[in-house]
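A.B. asks: One structure, pasted below without further comment.
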Amino acid sequence: ELKVEQNPLFLSMQEGKNYTIYCNYSTTSDRLYWYRQDPGKSLESLFVLLSNGAVKQEGRLMASLDTKARLSTLHITAAVHDLSATYFCAGKETSGSRLTFGEGTQLTVNP
Amino acid sequence: DVKVTQSSRYLVKRTGEKVFLECVQDMDHENMFWYRQDPGLGLRLIYFSYDVKMKEKGDIPEGYSVSREKKERFSLILESASTNQTSMYLCASSLWASGGTGTQYFGPGTRLLVL
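Sequences listed follow chains A and B, in order.
In terms of the numbering used here, the first sequence opens at residue 465 and continues consecutively.
In terms of the numbering used here, the second sequence opens at residue -17 and continues consecutively.
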C-alpha cells in the first residue's frame, strides 16, 4: 500500500525567500502529482512528474522527482503572498488509477 | 479545459435524511472519485468508479453508496445522514492512466452540514 508523507505540514515564510517542500512515498509509484488548494476552494493541478529525474517549472514553483530516493520536492523561489495556499503531493501506484495524497503543506507567505 | 461540476456548493440537511450529491464531468473520463476532506485528516477516498455501473470502495465507504448510470455522472448517496458526515465533499475525474497522465481534476466541492 502506497503511503505519502509531506513535510513540513506548516510553513511560514517571508516574501522573497526560497524554500522547499518534501514529499516522500513508501513504495514504487510511477507518477507523482502536485496540487494547490486555496482556502475554501477545491484542488487545482500544478504538476505531474512521470519519470525519474523529471523537473517541471511554472513561475516561482519547480517540482522534481527522484524515484530511487522515493522523493519529490516542490521548490519555491522568491516567494510572494499570492503563493499562500495548501500544497498537496499525491502518488499513483503502478496499477490502477487511485491516487494517495499527502497530508498537505499549509504555506503562508508574509510581507 | 476539463470541467467537473458538483450540484451544490453548500448544503444543509437534517440527521436521518437521504442526501444526494451529484458530480458531472464533460471530458469523457473513465474514472470518477468521491473524497471527503476534513481539517487535520486530509483527503480520504470514499468510493471510485472506473466505468459505467462499476464501483469500488475507497478507504471510508461506510455510510455511503454511489451510482454511476452514465459515464459523465457519478452520484454520492448518504443513505441516512449523520452529524459526523458534515464535511467538504470533493468529486474528481481522470482518464484511464494508460491513456493519459492520470491527473485527477477536481470539482469545486460541496460543503455539507448535517444538523
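All C-beta atoms in this analysis are idealised placements derived from N, C-alpha and C, irrespective of residue type, glycine included.
What span of residues does the beta strand (DSSP E) with H545 (chain A) cover, start to end?
C.D. replies: As a working mapping, residue 545 (chain A) is identified with position 81 in the first sequence. Run containing H545 (chain A): none; DSSP gives neither H nor E here.
A.B. asks: Indicate whether at least one CB of chain A lies closer than 8 Å to the CB of P90 (chain B).
C.D. replies: On the second sequence, residue 90 (chain B) is found 108 positions in, with the first residue counted as 1. Cβ-Cβ to chain A under 8 Å: yes for P90 (chain B).
A.B. asks: Does the distance from the C-beta atom of N574 (chain A) to that of Q470 (chain A) stay below 8 Å?
C.D. replies: Counting from 1 along the first sequence, the entry for residue 574 (chain A) is found at position 110. Counting from 1 along the first sequence, the entry for residue 470 (chain A) is found at position 6. The answer is no: Cβ separation not under 8 Å.
A.B. asks: Kindly indicate which residue of A:V512, A:L529, A:N488, A:K532 has the alpha-carbon position closest to the one of Y499 (chain A).
C.D. replies: For this step, residue 499 (chain A) is matched to residue 35 along the first sequence. Ranking A:V512, A:L529, A:N488, A:K532 by Cα distance to Y499 (chain A) puts A:V512 first.
A.B. asks: Would you tell me roughly how many angstroms separate the C-alpha atoms of V34 (chain B) and E508 (chain A), rounded to the nearest one?
C.D. replies: The count along the second sequence starts at 1 and reaches residue 34 (chain B) at position 52. The count along the first sequence starts at 1 and reaches residue 508 (chain A) at position 44. Their Cα atoms are separated by approximately 25 Å.
A.B. asks: For Q86 (chain B), name the three-state secondary structure that DSSP assigns.
C.D. replies: As a working mapping, residue 86 (chain B) is identified with position 104 in the second sequence. The answer is coil: DSSP assigns Q86 (chain B) none of H, G, I, E or B.
A.B. asks: Listing by chain order, which chain A residues have their CB less than 9 Å from the CB of Y46 (chain B)?
C.D. replies: Looking up residue 46 (chain B) in the second sequence gives position 64. Those do not exist, as Y46 (chain B) stays about 17 Å from chain A at its closest Cβ, beyond 9 Å.
A.B. asks: How would you call F2 (chain B), buried or exposed, if buried means at least 16 neighbouring beta carbons within 10 angstroms?
C.D. replies: Along the second sequence, read from residue 1 onward, the residue named residue 2 (chain B) stands at position 20. So F2 (chain B) ends up on the exposed side.
A.B. asks: Note down, one range per segment and in chain order, each beta strand (DSSP E) of at least 3 residues found wholly within the segment 490 to 517 of chain A.
C.D. replies: 493 to 501, 507 to 513
A.B. asks: Going by beta-carbon coordinates alone, are S536 (chain A) and L563 (chain A) separated by less than 8 Å?
C.D. replies: Numbered from 1 along the first sequence, position 72 holds the residue referred to as residue 536 (chain A). Numbered from 1 along the first sequence, position 99 holds the residue referred to as residue 563 (chain A). Going by C-beta atoms, S536 (chain A) is not nearer than 8 Å to L563 (chain A).
A.B. asks: Of all Cβ atoms in chain B, is any one closer than 8 Å to the Cβ of G497 (chain A)?
C.D. replies: As a working mapping, residue 497 (chain A) is identified with position 33 in the first sequence. Per the sequence shown, the amino acid found at residue 497 (chain A) is Tyr instead of Gly. Yes, because at least one Cβ of chain B sits closer than 8 Å to the Cβ of Y497 (chain A).
A.B. asks: How would you write the range of the beta strand (DSSP E) that D530 (chain A) sits in, first residue to last?
C.D. replies: Taking the first sequence and counting its residues from 1, one reaches residue 530 (chain A) at position 66. Note, D530 (chain A): beta strand (DSSP E), 525 to 530.
A.B. asks: For a contact defined as C-beta to C-beta under 9 Å, what are the partners of K86 (chain B) on chain A?
C.D. replies: Here residue 86 (chain B) is taken as the residue at index 104 of the second sequence, counted from 1. The identity of residue 86 (chain B) in the sequence shown is Gln, whereas the question assumes Lys. Neighbours of Q86 (chain B) on chain A, chain order: Y497, Y499, L507, S509, A554, S561, L563.
A.B. asks: Tell me the residue span of the beta strand (DSSP E) that contains V34 (chain B).
C.D. replies: As a first step, residue 34 (chain B) must be located in the second sequence, where it is residue number 52. Run containing V34 (chain B): none; DSSP gives neither H nor E here.
A.B. asks: Using a Cβ cut-off of 8 Å, which residues of the segment 18 to 32 of chain B contact any Cβ in chain A, in chain order?
C.D. replies: G24, L25, L27, F30, Y32
A.B. asks: In the DSSP output, what is A554 (chain A) paired with across the bridge?
C.D. replies: Taking the first residue of the first sequence as 1, we reach residue 554 (chain A) at position 90. In DSSP, A554 (chain A) forms a bridge with A:Y497, A:F565.
A.B. asks: Please confirm if L514 (chain A) has its CB atom under 8 Å from at least one CB of chain B.
C.D. replies: Position 50 of the first sequence, counted from the start, is the residue given in the question as residue 514 (chain A). With 8 Å as the cut-off, L514 (chain A) counts as an interface residue toward chain B.
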